[in-house]
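Chains as they are written, first to last, in the numbering used here: chain A, 1 to 392; chain B, 393 to 784. Ideal Cβ positions, reconstructed from N, Cα and C, are used throughout, including at glycine. Notes follow once the structure below has been shown.
There are 2 protein chains.
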Amino acid sequence: MKLPLGYRYSSLYAGIRKAAKDDLSLIVSDAPASAAGVFTQNKAMAAPVILSKKNLAATKGVASAILTNAGNANCATRTGMKVALETTRAVAKVLRVPASKVLVCSTGVIGVELDGSKITSKAKALADGLATDRFEDVVSAIMTTDLVPKKAHAAISVKGGAVHIAGTTKGSGMIQPLMATTLGYVMTDAALSPSELRGMLKRASARSYNAMSVDGDTSTNDTLFLLANGASGLKMTAKDKGVFEQALTVLLEDLARQIARDGEGAKKLVTIDVTGTKSDDEAMRIARQIGNSPLVKTAIAGSDPNWGRVIMAAGNAGVDFELRNVSITMQGMLVCKNGLAVDFSEEELTARLDEPDTHVTFAVKGGGNGGARFYTCDFTEGYIKINGSYRT
Amino acid sequence: MKLPLGYRYSSLYAGIRKAAKDDLSLIVSDAPASAAGVFTQNKAMAAPVILSKKNLAATKGVASAILTNAGNANCATRTGMKVALETTRAVAKVLRVPASKVLVCSTGVIGVELDGSKITSKAKALADGLATDRFEDVVSAIMTTDLVPKKAHAAISVKGGAVHIAGTTKGSGMIQPLMATTLGYVMTDAALSPSELRGMLKRASARSYNAMSVDGDTSTNDTLFLLANGASGLKMTAKDKGVFEQALTVLLEDLARQIARDGEGAKKLVTIDVTGTKSDDEAMRIARQIGNSPLVKTAIAGSDPNWGRVIMAAGNAGVDFELRNVSITMQGMLVCKNGLAVDFSEEELTARLDEPDTHVTFAVKGGGNGGARFYTCDFTEGYIKINGSYRT
Numbered sequence: 001m002k003l004p005l006g007y008r009y010s011s012l013y014a015g016i017r018k019a020a021k022d023d024l025s026l027i028v029s030d031a032p033a034s035a036a037g038v039f040t041q042n043k044a045m046a047a048p049v050i051l052s053k054k055n056l057a058a059t060k061g062v063a064s065a066i067l068t069n070a071g072n073a074n075c076a077t078r079t080g081m082k083v084a085l086e087t088t089r090a091v092a093k094v095l096r097v098p099a100s101k102v103l104v105c106s107t108g109v110i111g112v113e114l115d116g117s118k119i120t121s122k123a124k125a126l127a128d129g130l131a132t133d134r135f136e137d138v139v140s141a142i143m144t145t146d147l148v149p150k151k152a153h154a155a156i157s158v159k160g161g162a163v164h165i166a167g168t169t170k171g172s173g174m175i176q177p178l179m180a181t182t183l184g185y186v187m188t189d190a191a192l193s194p195s196e197l198r199g200m201l202k203r204a205s206a207r208s209y210n211a212m213s214v215d216g217d218t219s220t221n222d223t224l225f226l227l228a229n230g231a232s233g234l235k236m237t238a239k240d241k242g243v244f245e246q247a248l249t250v251l252l253e254d255l256a257r258q259i260a261r262d263g264e265g266a267k268k269l270v271t272i273d274v275t276g277t278k279s280d281d282e283a284m285r286i287a288r289q290i291g292n293s294p295l296v297k298t299a300i301a302g303s304d305p306n307w308g309r310v311i312m313a314a315g316n317a318g319v320d321f322e323l324r325n326v327s328i329t330m331q332g333m334l335v336c337k338n339g340l341a342v343d344f345s346e347e348e349l350t351a352r353l354d355e356p357d358t359h360v361t362f363a364v365k366g367g368g369n370g371g372a373r374f375y376t377c378d379f380t381e382g383y384i385k386i387n388g389s390y391r392t
Numbered sequence: 393m394k395l396p397l398g399y400r401y402s403s404l405y406a407g408i409r410k411a412a413k414d415d416l417s418l419i420v421s422d423a424p425a426s427a428a429g430v431f432t433q434n435k436a437m438a439a440p441v442i443l444s445k446k447n448l449a450a451t452k453g454v455a456s457a458i459l460t461n462a463g464n465a466n467c468a469t470r471t472g473m474k475v476a477l478e479t480t481r482a483v484a485k486v487l488r489v490p491a492s493k494v495l496v497c498s499t500g501v502i503g504v505e506l507d508g509s510k511i512t513s514k515a516k517a518l519a520d521g522l523a524t525d526r527f528e529d530v531v532s533a534i535m536t537t538d539l540v541p542k543k544a545h546a547a548i549s550v551k552g553g554a555v556h557i558a559g560t561t562k563g564s565g566m567i568q569p570l571m572a573t574t575l576g577y578v579m580t581d582a583a584l585s586p587s588e589l590r591g592m593l594k595r596a597s598a599r600s601y602n603a604m605s606v607d608g609d610t611s612t613n614d615t616l617f618l619l620a621n622g623a624s625g626l627k628m629t630a631k632d633k634g635v636f637e638q639a640l641t642v643l644l645e646d647l648a649r650q651i652a653r654d655g656e657g658a659k660k661l662v663t664i665d666v667t668g669t670k671s672d673d674e675a676m677r678i679a680r681q682i683g684n685s686p687l688v689k690t691a692i693a694g695s696d697p698n699w700g701r702v703i704m705a706a707g708n709a710g711v712d713f714e715l716r717n718v719s720i721t722m723q724g725m726l727v728c729k730n731g732l733a734v735d736f737s738e739e740e741l742t743a744r745l746d747e748p749d750t751h752v753t754f755a756v757k758g759g760g761n762g763g764a765r766f767y768t769c770d771f772t773e774g775y776i777k778i779n780g781s782y783r784t
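So, in structure tokens, the structure goes:
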């Protein structure tokens with residue numbers, strides 16, 4: 001798939017993480033781009049999140065670059081804001097753009113001082129490495145415990161040609177984004193205003209990143225950026241913009257699914273559909289409760305058709321429903337009707353649960369038209385192994 | 393420790409669970425006892441919970457017996473209420489008490505029909521086995537995935553002698569009681585009215601069972617009963633009753649800790665103290681969020697002093713606080729002061745974290761006088777192993 005026009009990418013190893021794998025990366029829009037961001041709702045917000053929010057406010061939604069380091073979250077450290085400021089300034093200087101137009105993200109361990117000189121000393125080398133065809137290098141350099149790189153592309157035909165979107169994201173643990181995710185960057189060469197971007201990003205992230213979890217823990221550094229630099233040179237009608245937002249939503253859902261599938265220790269992507277509640281919000285609360293239940297997630301890991309745990313989790317969502325109105329399917333097979341067990345071939349369902357994709361539906365009869373879809377992963381011993389020895 | 397007077401106990405194997413280990417048990421008060429209960433807040437409430445609530449309401453808080461089966465939750469089944477009714481009636485008949493004075497609990501798998509005849513056919517044998525010295529048999533017969541039996545005793549001196557309390561509980565997974573726990577029974581020979589019992593049980597459970605979790609999943613069958621039959625023959629002053637409530641609270645905290653320590657796969661009991669918030673409720677929300685975070689719990693399993701995850705979890709509690717006012721200790725060692733890393737011996741702390749008890753404090757400076765204590769356990773691969781193959 002073609003990349004959006006007018007962007008260049010770079011990455012290198014700056015010695016921030018122990019493994020000698022690129023840990024510093026830069027995305028540059030040749031012309032200042034319209035920019036929107038959604039961020040973690042964690043009260044313990046990292047310095048780069050605070051600075052990026054401030055910069056977006058100061059520029060009213062314009063950005064030239066996104067600087068990212070992996071291996072250190074630059075959160076809960078003495079020098080956090082100083083490092084965020086000095087590193088964005090160093091990059092702004094070599095790019096010859098205002099420092100307020102450089103957005104910044106950090107990801108990695110919390111509470112360990114980040115040595116800013118490791119980044120400032122590499123600013124020139126990073127800028128020298130910029131190239132239009134190095135998108136994949138950035139995709140790889142933002143990874144931490146991720147096992148697979150995550151990216152997605154889209155193209156929207158408009159009069160005179162097509163505008164393109166490219167997105168990348170990272171994340172595998174500490175994942176329950178609320179208003180954003182761990183890290184996600186989406187670039188397009190469409191011409192859209194900052195306020196148009198903000199509306200689109202808010203609506204699209206609600207249906208994608210904010211409807212996904214790995215472990216129910218919301219990071220201190222979650223950030224999702226959307227840049228639009230207009231480099232396609234194409235005008236978009238109101239209808240084109242509607243199609244663009246649809247494509248953006250599909251692309252963000254794709255990225256969100258990639259995160260869930262690569263959840264720490266995960267072997268299965270789990271999709272949960274809830275229907276028939278009074279409101280979409282009620283459906284999402286039930287879907288999230290099911291998707292975050294360790295007992296549901298371990299049952300799925302073990303290919304155990306233990307739908308009683310789905311009932312248990314849904315009952316804890318704080319949403320009123322009658323058990324006798326509930327029907328549940330797993331892998332398309334009805335396992336619970338009107339709140340009661342139905343006969344099903346346990347052998348066949350167990351076999352179907354061995355597939356890499358698990359689908360659970362929870363339908364409430366006569367409750368209303370509310371519905372929601374939530375993505376998560378199964379919960380295996382691998383998660384414990386990874387997280388019992390992450391820091392030390 | 394002496395058992396309270398006027399109670400008898402019995403258990404036997406009724407073939408409800410596969411393993412040939414007693415799965416049916418009965419607690420009888422020779423005289424009708426004042427009774428109070430707290431129950432699950434899960435919307436998907438099991439039939440025995442519904443019936444026990446109904447019976448307590450009908451009798452205005454009087455009970456003669458508690459019937460328990462392990463191996464099947466009698467929840468989300470076609471015959472749930474029918475089985476709960478016929479089994480309590482069968483027991484009532486052999487005990488010659490009204491059926492409304494028999495309380496009933498079930499624990500085990502959800503959504504599988506419970507064959508009531510396995511219980512009704514054993515009602516007489518169960519009653520024949522009743523003896524004052526078989527308390528330990530009940531303690532053992534209510535266990536499911538528990539590795540260790542759980543019980544606690546207390547005695548309160550009053551004029552003319554002492555009244556006694558004996559309590560037992562079970563539970564190891566699907567544990568985040570809200571208003572009660574999995575199963576817990578507390579018997580006393582003190583003379584207390586049903587309304588006195590209700591108040592005491594509500595206050596004491598808020599500080600014990602409702603301040604504890606293993607995995608954040610609230611069961612459909614949680615029930616905690618308190619019986620007082622007055623068999624001590626001793627009168628209690630208002631002051632005696634205050635001392636009794638204190639002893640009851642300590643006893644329930646003890647039982648709650650026993651559950652957390654025996655959490656599925658757990659190797660460590662974790663105690664979390666939060667202080668300095670505006671209210672006790674805010675402190676409890678932060679403590680619960682820390683205690684339910686899979687990342688905090690896996691770090692503790694790995695003896696990893698990763699206090700950044702404590703910050704992360706606390707930040708997600710929906711409580712306002714300034715990171716710069718936060719100090720954290722682990723095993724008595726200061727690891728974070730004013731929201732920032734402090735120097736500590738990582739080697740020493742790692743060694744201290746290998747102990748079977750983990751203590752984390754989270755103090756907010758200048759926020760207020762709110763405080764709370766929460767109990768949980770570490771999160772190991774054992775939890776996944778147990779729950780990936782529970783049903784099949």
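| query | result |
| --- | --- |
| Taking the alpha-carbon of A:CYS75 as reference, which of B:TYR405, B:SER498 and B:TRP699 has the nearest alpha-carbon? | B:TRP699 |
| Throw me the rounded Cβ distance for the A:VAL148 and A:ASP262 pair, which I believe falls under 8 Å. | 5 Å |
| Compute the beta-carbon to beta-carbon distance between B:ALA546 and B:ALA427, rounded to the nearest angstrom, for a pair I have assumed lies under 8 Å. | About 18 Å separates the two Cβ atoms, so there is no contact after all. |
| Do B:ARG526 and B:SER402 have their C-beta atoms within less than 7 Å of each other? | yes |
| Which one of A:ALA191, A:GLY171, A:GLU113 and A:LYS43 has the shortest CA to CA distance from A:TYR185? | A:GLY171 |
| What are the boundary residues of the beta strand (DSSP E) that includes A:TYR185? | 183-188 |
| Hey, which unbroken runs of the alpha helix (DSSP H) at 4 residues or more fall wholly within the stretch 611-692 of chain B? | 630-653 and 672-684 |
| Does any residue of chain A have a CB that is nearer than 7 Å to the CB of B:ASP415? | no |
| Nearest to B:MET722 by CA position, among B:VAL666, B:ASP712 and B:GLY759, is which residue? | B:VAL666 |
| Should A:SER293 be flagged as near chain B, meaning a C-beta pair shorter than 7 Å? | yes |
| Are A:VAL138 and A:ILE27 close, meaning C-beta to C-beta below 7 Å? | yes |
| Using alpha carbons as the reference points, say which of A:LEU56, A:GLY332 and A:GLY173 lies closest to A:VAL214. | A:GLY173 |
| Nearest to B:ILE664 by CA position, among B:ALA679, B:GLY657 and B:LYS594, is which residue? | B:ALA679 |
| Classify A:LYS21 as buried or exposed, calling it buried when 16 or more other Cβ atoms lie within 10 Å of its own Cβ. | exposed |
| In three-state DSSP terms, what is A:SER213? | coil |
| With DSSP as the reference, identify every bridge partner of A:MET330, one or two as the case may be. | A:MET333 and A:VAL360 |
| So B:PHE636 and B:ALA582 are supposed to be a Cβ contact under 8 Å. How far apart are they, rounded? | 6 Å |
| Quick one: which unbroken alpha helix (DSSP H) runs of 4-plus residues sit fully inside the stretch 405-476 of chain B? Chain order, please. | 439-450 |
| When the cut-off is 7 Å and only beta carbons count, does B:ASN730 lie next to chain A? | no |
| Does A:ALA180 have its Cβ less than 7 Å from a Cβ in chain B? | Model confidence at A:ALA180 stands at a pLDDT of 45, short of 50, so the residue's coordinates are unreliable; what they give is reported in the following sentence. By this cut-off, A:ALA180 is not an interface position. |
| For B:ASN621 versus B:ALA425, is the C-beta spacing smaller than 7 Å? | yes |
| Quick test of your reading: A:SER64 and A:VAL38, contact by CB under 8 Å. State the CB separation rounded to the nearest angstrom. | Actually they are not in contact, since the Cβ atoms of A:SER64 and A:VAL38 sit about 20 Å apart, beyond 8 Å. |
| For chain A, check one thing: does any of its Cβ atoms lie closer than 7 Å to the Cβ of B:LEU477? | no |
| Can you confirm whether A:GLU381, when its beta carbon is compared against all beta carbons of chain B, has any partner nearer than 7 Å? | yes |
| Rounded C-beta distance between B:TYR775 and B:GLY657? I'm assuming under 8 Å. | 4 Å |
| Verify whether the separation of the beta carbon atoms of B:VAL688 and B:VAL711 is less than 7 Å. | no |
| Where do the ends of the alpha helix (DSSP H) carrying B:GLY774 lie? | 773-779 |
| If the cut is a Cβ gap below 7 Å, which residues of chain A does B:ASN434 touch? | MET312, GLY315 and ASN316 |
| If we define contact as Cβ-Cβ less than 7 Å, is A:ALA260 a contact residue for chain B? | no |
| Would DSSP call A:LEU130 helix, strand or coil? | coil |
| Does any residue of chain A bring its CB to less than 7 Å from the CB of B:ARG677? | no |
| Do you know offhand how far B:ALA411's Cα is from A:THR350's? | 23 Å |
| Mapping DSSP to helix, strand and coil, what is B:GLY398? | coil |
| Reducing DSSP to helix, strand and coil, say where A:THR144 ends up. | coil |
| Compute the Euclidean distance between the alpha carbons of A:SER157 and A:ALA166, then round it to the nearest angstrom. | 15 Å |
| If you check the beta carbons only, do B:ARG470 and A:LEU340 fall under 7 Å apart? | yes |
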